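Everything on this sheet refers to the single structure shown next.
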Amino acid sequence: MSSLERSESTRTYWRSLQHLENSPEYQEMVAKEFPAGPETNWTDSSRRRFLQIMGASLALSTASSCRWQKETLAPFADRPENWVPGKPRHYATSMEVAGVGQALVVTSYDGRPTKIEGNKNHPASLGATSSFAQAGTLGVYDPDRSRGVLSLAGGKETPSDWKNFTAFAKVEFAALKASQGEGLAIIAPLTSSPSLRAAQESFMAAFPKAQWVNWDATARSQELAGTEILFGKAARPVYDLAKADVVLILDEDLLGTHPDALRNSRGYAARRKPEVGKMSRVWSVESNHSLTGGISDHRLPLRSSQIGAFLVALESEMIQQGRFKVPEGKAIAKGAPKGGFLAEAKAANFITALASDLLSAKKNSLIAVGNNQPAEVIARAHRLNILLGSVGTTVTYKDVSTLSTVDINQVQALAASMKKGAVKTVVTLGGNPVYDMPGDLGFAEAFGKVKTRIHLGQYFDETGVASTWHLPQAHFLESWSDNLTWDGTWTLAQPTLNPLWGGRSAADVIGILLNQEDSHESRVRKVWAAAFGDGETAWRKAVQLGIGGASVFADLTARPKNLALPDATPATMAVWKAGAALEVSFAIDASVHDGRFANSGWLQELPDPMTKLTWDNGALMAPSTADALGVTTGSMMTFTVDGRNQDIAVYVMPGHAKGAVTLPMGYGRTEAGHVAGLSADRVTPAGFDVYPLRGSHALGFTLATAKATGEDYLLVSTQDHHLVDEIGMKGRGDRLGDLVRTGDLSKWEEHPDFAQHQVHHPPLISLWEEHKYEGHRWAMSIDLSTCTGCSSCTIACQAENNIPVVGKSEVFKGREMAWIRMDRYFIGDDPDEAEATHQPVSCQQCENAPCEQVCPVAATTHSSEGLNDMVYNRCIGTRYCANNCPYKVRRFNFFNNNLVVEEEGAEVLALGKNPEVTVRSRGVMEKCTYCVQRIQASRYEATLEKREIQDGDITPACAQVCPTNAIHFGDLNDDTSVVKADHANDRAYAMLGELNNKPRTAFLARIRNPHPSLVKHDSHPKDAIKHG
Amino acid sequence: MADFTAVKELTDAQLDDLVHPPQLVQGTEKFHDITESVCVVAEAHRAPKAWYVAFGIAVTFLGILGAMIFHLVTTGVGVWGNNQPVAWGWPIVNFVFWVGIGHAGTLISAVLFLFRQGWRTGINRFAEAMTIFAVICAGMFPAIHVGRIWVIYWVFPIPNQMDMWPNFRSPLLWDVFAVSTYFTVSLLFWYMGLVPDLATQRDRAKTKLRKMLYGAFALGWNGSNRQWHRYERAYLILAALATPLVLSVHSVVSFDFAISQLPGWHTTIFPPYFVAGAIFSGFAMVMTLAVPARQLFGLKHLITMRHLELINKVIMATGMLVGYAYAMEAFMAWYSGNKYEGFTFVNRAFGPYAWAYWIMVSCNVISPQIFWFKKARRSIPIMFIVSIFVNIGMWFERFVIVVTSLNRDFLPSSWNYFTPTIVDLLTLMGSFGLFFTLFLLFCRWLPQVAMAEVKNVMPAAHAHGPDHEEDQ
Amino acid sequence: MSQYQFPRWTDKLRPLLAVVALGAPVYMTGIVLYGASPDNLSVGYKPEQPVPFSHRLHAGELGMDCRYCHTTVEKAGHAAIPSTNICMNCHVNIHPDSPRLEKVRESAATGEPIPWVRVHDLPDFVFFNHSAHVQKGVGCIECHGRIDQMEVVEQAKPLSMGWCLDCHRNPEPHLRPVAEVTNMNWMCEGSREELGAQLREANNIQPRQDCSTCHR
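Protein chains in written order, with the numbering used here: chain A, 5 to 1032; chain B, 50 to 521; chain C, 381 to 596.
As structure tokens, then:
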């Protein structure tokens, strides 16, 4: 990060904290039991911890204490009751992404939120979170966040404040009130918040003629339209994969970027352990090679436009196999599409097998379909659920007609009237329409035509720059709110610190525009009271739990009268041939979603689960497509849709549908910040903006032409930094089967312990006398059968262990710092049909650790409980340990990666560090510690309570966040522990155990459940293919 | 005032004809002429132009080295190309390279001395000098390659308030002891041999300053029989002490690799293989230095064609030893049936770093084969070029061992290509700057040939014993 | 030509030279080790505090218990520095307008913290937990010395790693009944080792020497 020009000086920053401390709302917060904003409470600990981070480099480089450095302790003037300095406190809250809430629990030290976990009480979360939630703590301390009200009248940036704005708003909106809001438009991000909805209603009551338009680039409007065809009202499918024997997923990343991915993953995992009940079988048909496709037992790559035809073909096949009827009668079978891709053996066999599978599973089958599909296709897919009778068992449809939605027609109308100059005043309540509106609307230009443009946002972003007023928005950790989760559970969001930069929430701003004074909290509480009845204790309990009541959506159980559907739109049946137009589809990005998280260094550096790309998106296409176009990974291509051009770098994605291109959204930001791109400071944007190619009539997928520009672009991934040569491919193929042990269900049934006999080696004899472990014996187990490769563990670990971000060029050099990395391999001889497999690898805490033996200064040693302790302050950085580690999980600080904290304006980053973990300086090695700080914390707790540590007391960050609960941690000396059972499991194996390292992390072999008629003779990875 | 014209110029051919084994020096030479031709270099008012040019270049690179190290220490190890998985890059390659070169010296002086190889006398002095300087270069690299050089003293077992000792199981620690011991002994050995010659220079010195300096270092040597008697006894003992070190040092260096369990490193052949390689590269470097030196300072009658030919024979022999090691390594990798080991060697020969591997093989194994021919063995240009080849080849051997083994080890997910940075390159060149600066200073101010010892092997000496009065 | 001779007296220098050559390195190492060791660097550090608070008066003469002010010492890692209101609990009545308490009253009024100067300062990569020690019967005095006799607090023990290990390796002589933890005048009848051994047995005390005990 370069220096932050927009930031205030450090001193003013600290002064502002002083002010905060004595602010009435602070006192009030403290008085209440959920204090906010005391990252200013200068207890000895927080002060010391703060110095610890600031002076980390000095501190680490000096062996003895820094006597010459005079430290002062600033205790509370008045410490609240039972406020224990340095003890973490936990607050329930929630965050909302694209109109769907997630229930969270925030860990906060001395008032500084440092870690976010899922809310165990919430059925969808059960303690897990998305990567986006994990990155929340970095988000709130992002130095690039807007730090004050800006007036941009006359094109020049003049710092202002809320008082000025309020004064301005009084006048402006008084006038508008007179005209009932004629010429006033509100662009609001999609939200489920009842309190915001209430605010909106009161606003519209005051300005009846105003246009209120919701916009979100990832809104699931198609799904609503599709279900409306079936049920007559917008419905939302809530899936229960735990009940499904057969799952068919159509063009949807159900376990990845789907809003309810956590619940889906949990359900999926419940049915993927062979020893626990009947295994489910997952079929997916998709254009992109998504994470969900990666874990499927059978996968058919098809262009998005062909899914409709596939469905009809499937229905007719089911009819032919009998015991299945559709309202259209047999007719459909006759009119069923033929030829094209259906002529290919693979597709044909796939459909036959799938049909019989669905018919045998009947009501225990589940069909999920993606929002990119046309409404008719979505309707047809869900109708299949109804016809198979799975409604109520594997899928429930919720009535969401009351929720705010994005109506693309309204959006188009608004853009038009703006162009006409019919709009005088526009207010964007968060969101970033100037950036993420479909290209065909020419929104930026239209926006410019409006006289008064008010923008509320956490960042002074693309829209902010184009506005006449910019207002800083409060982060979700800084404000009150209430959200509904996917299944309609009511969740409460409470602030865990005072707004760092005086930000306000959307509801507050509406309050200002309406000239009302009540705080957002009181609004939230009012709405809550209306729904659940008021009462101090009830309210307190709600705030404590963070979730309230059952689903507020009604179930649609009644079977719709008329299930007949119009014939699916004629699909392009033809298999793609070189020269034909390409089909580009737009996908939510696993790292930055639609661009709203773009400025988070953690997320930018988090490798995409499938491409492993960092700091960039790319045009994903099949190897054969790339060959046909004469391009390869890194080649720049100009894509053209309806005359709108955009240059994007190609990424060759094995298993992608031929002739289709997937464009992840959310990159190419020009005003995001010093991480994702900032024109003011000449920070080049990360990745490529694909919104210009998006059409408001085709938000899902559309046809495009592409031409290679001849230039090359450096795409950086954490795996295969360079294309792997033939020898490499062969070498990889030879060993892959031993590293990631995989087998079909049938194979497992024959030899449950096949994984343990995969590798044959001579008897293992140790050079040294082996360790004895009287006390605890910490160990981990990772179940490859349930791991989906979502990579949440990587980012949870980053948040917990103060792991630095190194930047694109360093990642390219191979110097990324992730302590737990998600290895991803593609298997299969034909690149176009490749299967993906994932394996999370962190320090295996070997009992005979190769690293320990070679360190000349004993900086990494063996603990009495079997951990490889890594002592940063003893390390001199010979890097010998890293060489000798067969798993290559050790990470070296080639530079001081925390220097950014010392940059003016960026000090705020230090507040987000975990005070229980040393911040590493340059020249020292680091690695996974099994979260030893959490082990110690539990030990202290047990000591105080005069008891032993129980199984389950300790959960490492990776295990805690895992949506499929694939990671277990515990004590091998405790016969009742889960991890002990896992290690005893037949599927358990030690990766590279033949080296006699005795790793403490056991992997459980991955079991696939292919359909008998499609089973391959040898499911062992023969040969890993390019781009691995 | 002596100058170089004082020495009678003879062509190699002429000199050679005059040499009849075991005669190693032109028969008609008097003891005094030896003294003359050696000391004259140090006594001359100005060295030959070539010396100033060479010295200028060397010092420039020394400066660059300083700058690079400053940059490194202030910025971080990241200025090099090192990464994950190649955590050891050029610094360690250079370290092993220089330690290897530092071998010939002690071998020639000690081992050949014990084996009564008279011919060593012509070259042992600057071979030893070369050893000292090479080890200085070598010692520098492990020191600067660590991440936190300011706490590097933790590798020494010094009592401290942390109650911490170094980890005596770590080969790196053994290295620290092995190399420092080797350096100390070599230094003593070299200085010991210098004493009589320093005395000679002291006695010939004209200016007061020189008298004092040479005098101080001559430790009051007066060449009495008693002194000679003890001197030779002590020299013998030191030689006996130094000999095992020749084997030990590079064996220990090889442990850095052999003790680890990385495919390509974890092999038992490493110690002998490394020692052979070290002698190989050491002799090559001796050759690279001897050829120009004898030309420049007119010592052809002392460092005769016979010396050079013998060196060439050693180079060829050790070259083939090294070649055997390469072959055997690869064979064992295949024979062991270990898939990781096997892959490493296929990957070396045909993977991304194949070019490095084949440079190594052609320079180290193929090029010395030319010495089968007497003509080639006795041709100055050929032997010079081959010696340069061998130096290059041996550097690449270490590159192949360190980088190709690391860049593709067990888990394919962490495979990565290593690319050096400009800092890597300049640091290596800088180390040559350091080496040559020291060496040129030595050539200028100290006797490059062990006069006293040479006199020992002159026919005259055998006629009527060593006569030291002759000098005064 | 005449052989150059050093003057006779230089012979006497030779032994001296030898001594220096051998002695210098040893001496240098020694002096640095001694100078840099916390025993000499840290012990006795006695900064002036913004408020002339006397532990001798409060903890000594008045015999107040440490835990009255350092409230969290038993339940948390940090023995919190008392907040101003704890001072004011008494000083609203006692010496309500003594000039020496000016800063305290000011702080109480404005809410601005009193900037105490840290005396016992461990390196930032060391994680020490008060509760774990206090609960196991390690007296305040073991690390902080006779606080009750200090007019101005000073560092009494080196707080160096070796010093910590001494106790972790051989805790017996440093243990006392948990009830006596804050008692500065506690005297052990009989052998401290024996009592220590009993206490260790009773309270199940296994001081760990793993690196991760203090370094994470």
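By construction, the Cβ of each residue, glycine as well, lies at the ideal position given by its N, Cα and C atoms.
Fair warning: this is a prediction, and the values are worked out from it, not measured in the lab.
As a quick exercise: from the options, pick the residue whose alpha carbon is nearest that of residue i.
i, options, result
"A/Gln548", "A/Pro84, A/Asn1013, A/Trp87, A/Val109", "A/Val109"
"A/Ile371", "A/Trp484, A/Asp249, A/Val635, A/Arg275", "A/Asp249"
"C/Asp487", "C/Ile474, C/Val506, C/Asn465, C/His475", "The question names Asp, but residue 487 of chain C in the sequence shown is Ser. Checked all of C/Ile474, C/Val506, C/Asn465, C/His475; the closest Cα to C/Ser487 is C/Asn465."
"A/Ala702", "A/Phe590, A/Arg648, A/Met640, A/Glu754", "A/Phe590"
"C/Arg485", "C/Val472, C/Arg436, C/Leu555, C/Val506", "C/Val472"
"A/Ala562", "A/Gly818, A/Met641, A/Tyr401, A/Lys455", "A/Tyr401"
"B/Met336", "B/Lys349, B/Phe433, B/Ser411", "B/Phe433"
"B/Met409", "B/Lys388, B/Gly372, B/Val363, B/Trp203", "B/Gly372"
"B/Gly331", "B/Ile318, B/Ser309, B/His299, B/Ser462", "B/His299"
"C/Gly450", "A/Leu460, A/Glu75, A/Glu256, A/Arg83", "Inspection of the sequence shows that residue 450 of chain C is occupied by His rather than by Gly. Among A/Leu460, A/Glu75, A/Glu256, A/Arg83, the Cα nearest to that of C/His450 is on A/Arg83."
"B/Val184", "B/Arg165, B/Thr468, B/Phe146", "B/Phe146"
Exposed or buried, residue i, counting other C-beta atoms within 10 Å across all chains shown (16 or more means buried)?
i, result
"B/Glu390", "buried"
"C/Val406", "exposed"
"A/Ser1023", "The pLDDT assigned to A/Ser1023 is 44, lower than 50, so where the model puts this residue is not dependable; a value taken from the coordinates is nonetheless given after this. By the neighbour-count rule (16 or more Cβ atoms within 10 Å), A/Ser1023 is buried."
"A/Asp48", "In this predicted model, A/Asp48 has a pLDDT of only 35, less than 50, meaning its place in the structure is not dependable; the value taken from the coordinates is given anyway. Buried, since its Cβ has 16 or more Cβ neighbours within 10 Å."
"B/Ala187", "buried"
"C/Trp566", "exposed"
"C/Thr593", "buried"
"B/Ser385", "exposed"
"A/Pro28", "Note that A/Pro28 scores 47 on pLDDT, short of 50, meaning its location in the model is unreliable; the coordinates nonetheless yield the value given after this. Exposed, by the Cβ-count rule."
"C/Ala582", "exposed"
"C/Arg388", "exposed"
"A/Pro658", "buried"
Check whether the Cβ atoms of residue i and residue j sit closer than 8 Å, and answer yes or no.
i, j, result
"A/Cys107", "A/Gly122", "Before going further, note that residue 107 of chain A is Ala rather than Cys in the sequence given. Cβ atoms of A/Ala107 and A/Gly122: closer than 8 Å."
"B/Ala342", "B/Gln497", "yes"
"B/Pro220", "B/Asp305", "yes"
* Asked: the stretch 845-879 of chain A: which residues have C-beta closer than 9 Å to a C-beta of chain C, in chain order?
  -> Ala862, Ala863, Thr864, Thr865, His866, Ser867, Ser868, Glu869, Leu871, Asp873, Met874, Val875, Tyr876, Asn877, Arg878
* Quick one: which residues of the stretch 207-227 of chain B get their C-beta closer than 9 Å to a C-beta of chain C? List them in chain order. => Ile207, Pro208, Asn209, Gln210, Met211, Asp212, Met213
* Asked: Relative to chain C, which residues along the stretch 83-99 of chain A have a C-beta separation below 8 Å, given in chain order?
  -> Arg83, Val88, Pro89, Gly90, Lys91
* **Near-chain C residues of the stretch 459-492 of chain A (beta-carbon distance less than 7 Å), N- to C-terminal order** => none
* Asked: Listed in chain order, which residues of the stretch 476-501 of chain C have Cβ atoms closer than 7 Å to some Cβ of chain B?
  -> From the stretch 476-501 of chain C, no residue has a Cβ closer than 7 Å to chain B.
* To do: Residues of the stretch 124-153 of chain B with a CB closer than 9 Å to any CB of chain A: list them in chain order, please.
  => Thr124, Gly125, Val126, Gly127, Val128, Trp129, Gly130, Asn131, Asn132, Gln133, Pro134, Val135, Ala136, Trp137
* Chain-ordered residues of the stretch 456-473 of chain C with a beta carbon less than 7 Å from chain A -> Taking 7 Å as the upper bound on Cβ-Cβ separation, chain A lies near residues Ala456, Gly457, His458, Ala460, Ile461, Pro462, Ser463, Thr464, Asn465 of the stretch 456-473 of chain C.
* Asked: Got a sec: which bits of the stretch 404-433 of chain C sit with their beta carbon under 9 Å from any beta carbon on chain B, in order along the chain?
  -> Thr409, Leu413, Ala416, Ser417, Pro418, Asp419
* Asked: Using 8 Å as the Cβ pair cut-off and three pairs as the minimum, do the stretch 281-297 of chain B and the stretch 157-171 of chain B touch?
  -> yes
* Please list the residues of the stretch 808-819 of chain A that have a C-beta atom closer than 7 Å to any C-beta atom in chain B, keeping them in chain order. => Lys817, Gly818, Arg819
* Between the stretch 381-388 of chain A and the stretch 340-352 of chain A, are three or more C-beta pairs nearer than 8 Å? -> no
* Given a limit of 8 Å on CB to CB distance, which residues of the stretch 440-462 of chain B reach chain A? -> If the cut-off is 8 Å between Cβ atoms, the stretch 440-462 of chain B has Leu455, Arg457, Asp458, Phe459, Leu460, Pro461, Ser462 near chain A.
* To do: Could you please tell me which residues of the stretch 389-419 of chain B, in chain order, have their CB closer than 8 Å to any CB of chain A?
  => Tyr389, Phe392, Val395, Asn396, Phe399, Gly400, Pro401
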